[in-house]
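Protein sequences, first through last, are from chains A and B.
Using my numbering, the letters of the first sequence map in sequence onto residues 136 to 259.
Using my numbering, the letters of the second sequence map in sequence onto residues 136 to 259.
Number of protein chains: 2
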Amino acid sequence: MEFKDNIPIYLQIEQYLYRQIAMGKLQAGQKIPSVRKLAVELTVNVNTVQRALQQMNDQGILYTKRGEGNFVTEDTALLDKTKQSLIDNELDEFVQNMTRLGVKKENLGQVLEEYIQRSENKNE
Amino acid sequence: MEFKDNIPIYLQIEQYLYRQIAMGKLQAGQKIPSVRKLAVELTVNVNTVQRALQQMNDQGILYTKRGEGNFVTEDTALLDKTKQSLIDNELDEFVQNMTRLGVKKENLGQVLEEYIQRSENKNE
DNA sequence: AATACTGTTATAGCTGAATAATACACTGAT
DNA sequence: ATCAGTGTATTATTCAGCTATAACAGTATT
């Protein structure tokens, strides 16, 4: 996997796993790949994977069965809440960043629409 | 100034200056604060400021008169292009991130609208 | 010439992120 | 009991980012 420079890899791994969960590719109770498999898949050190998983463990999104593996929580309420937070945070940051670039809230919708129009034209 | 952890400070300084330019608070040809003043303002080391400015220099957004200071380029075409890029990059990332969270392009507009509605209600 | 601004460069030291390598500990199947 | 697959922990090493401090170099004003 390719990682951005300038952002710690373990955070990007977290983000990657969160997205898998948000997309439903990893579901409640499901086992995730072992730390060693992930390390190989992501071409990253085991310790780095471990660090990401520990955090998600602390956050309650994953739980660990020693000797067996890591599993997505079965707390579906927490999962739903987490998914919503991911999206809200994205929206938050977007609005804030655009505001800081001088784009006003009331124009955001139109700017976004125009952008999507443009990007669709490129693909045609 | 407060900086996010996990993103190099010199990049955040760049971002800060780019925003000042995008907002028109720093205009073509205008002198920007000296490295030492910036260092104090931003509570950061001179070398860190220097690093940010060097990059912007390389990118042509600033030019340096040794002994006098740093100035915003007078190439207004470049400035306009830069402003547009900042916004486009923001849009790019937003669409990409939301897609990775399972929100489809065709729903983005509505999701954004709803979010803005929600945030406006909070302020009332 | 002196002073007070500018930008520039260099050194040494600290911290966090990441790696490699190794070992330990637990679980489940053979 | 053994083995293969899990998570966990330790150590040593490298590197990037940042700081503090100091020195050097150019410009403008006095």
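A virtual CB, placed ideally from N, CA and C, is assigned to each residue, including glycine.
Whole-angstrom C-beta distance between residue j and residue i, which should lie under 8 Å
i: isoleucine 251 (chain A); j: threonine 217 (chain A); result: Isoleucine 251 (chain A) to threonine 217 (chain A), Cβ: 27 Å. No contact.
i: valine 230 (chain A); j: glycine 164 (chain A); result: Wrong, their Cβ atoms sit about 35 Å apart, outside the cutoff.
i: glycine 244 (chain B); j: leucine 221 (chain A); result: Contact flag wrong, Cβ pair sits at about 19 Å.
i: alanine 187 (chain A); j: glutamate 149 (chain A); result: 5 Å
CA-to-CA distance, residue j to residue i, given in whole angstroms
i: lysine 240 (chain B); j: glutamine 185 (chain B); result: 40 Å
i: glycine 159 (chain A); j: glutamate 249 (chain B); result: 23 Å
i: lysine 274 (chain A); j: asparagine 141 (chain A); result: Past the boundaries of the shown model lies residue 274 (chain A); chain A is included only from 136 to 259, so the question cannot be answered.
i: threonine 211 (chain A); j: valine 170 (chain B); result: 51 Å
i: isoleucine 156 (chain A); j: glutamate 255 (chain A); result: 28 Å
i: glutamate 137 (chain A); j: threonine 178 (chain A); result: 9 Å
i: glutamate 225 (chain A); j: leucine 214 (chain A); result: 17 Å
i: lysine 166 (chain A); j: glutamine 194 (chain A); result: 17 Å
i: glutamine 189 (chain A); j: leucine 161 (chain A); result: 17 Å
i: asparagine 242 (chain A); j: leucine 236 (chain A); result: 12 Å
i: tyrosine 145 (chain A); j: valine 238 (chain A); result: 33 Å
i: methionine 191 (chain B); j: asparagine 182 (chain A); result: 36 Å
i: proline 168 (chain A); j: asparagine 205 (chain A); result: 8 Å
i: threonine 234 (chain B); j: asparagine 232 (chain A); result: 18 Å
i: tyrosine 198 (chain A); j: leucine 152 (chain A); result: 14 Å
i: glutamate 209 (chain A); j: glutamine 219 (chain A); result: 17 Å
i: arginine 154 (chain A); j: aspartate 227 (chain B); result: 17 Å
Where residue i falls: helix, strand or coil (DSSP)
i: leucine 268 (chain A); result: Residue 268 (chain A) lies beyond the residue range present for chain A, which begins at 136 and ends at 259; the question has no answer from this structure.
i: glycine 204 (chain A); result: strand
i: phenylalanine 229 (chain A); result: helix
i: glycine 244 (chain B); result: helix
i: glutamate 209 (chain B); result: coil
i: asparagine 266 (chain A); result: Because residue 266 (chain A) is not part of the residues shown, which for chain A are 136 to 259, the question remains open.
i: lysine 160 (chain A); result: coil
i: lysine 139 (chain B); result: coil
i: leucine 260 (chain B); result: Look at the range of chain B in this structure, 136 to 259, and you will see that residue 260 (chain B) is not part of it.
i: asparagine 224 (chain A); result: helix
i: asparagine 256 (chain A); result: helix
Limits of the unbroken alpha helix (DSSP H) element including residue i
i: lysine 166 (chain B); result: Lysine 166 (chain B) -> no alpha helix (DSSP H), and no H or E assigned at all.
i: leucine 236 (chain A); result: Neither: leucine 236 (chain A) is in no alpha helix (DSSP H) and is coded neither H nor E.
i: isoleucine 156 (chain A); result: 144 to 157
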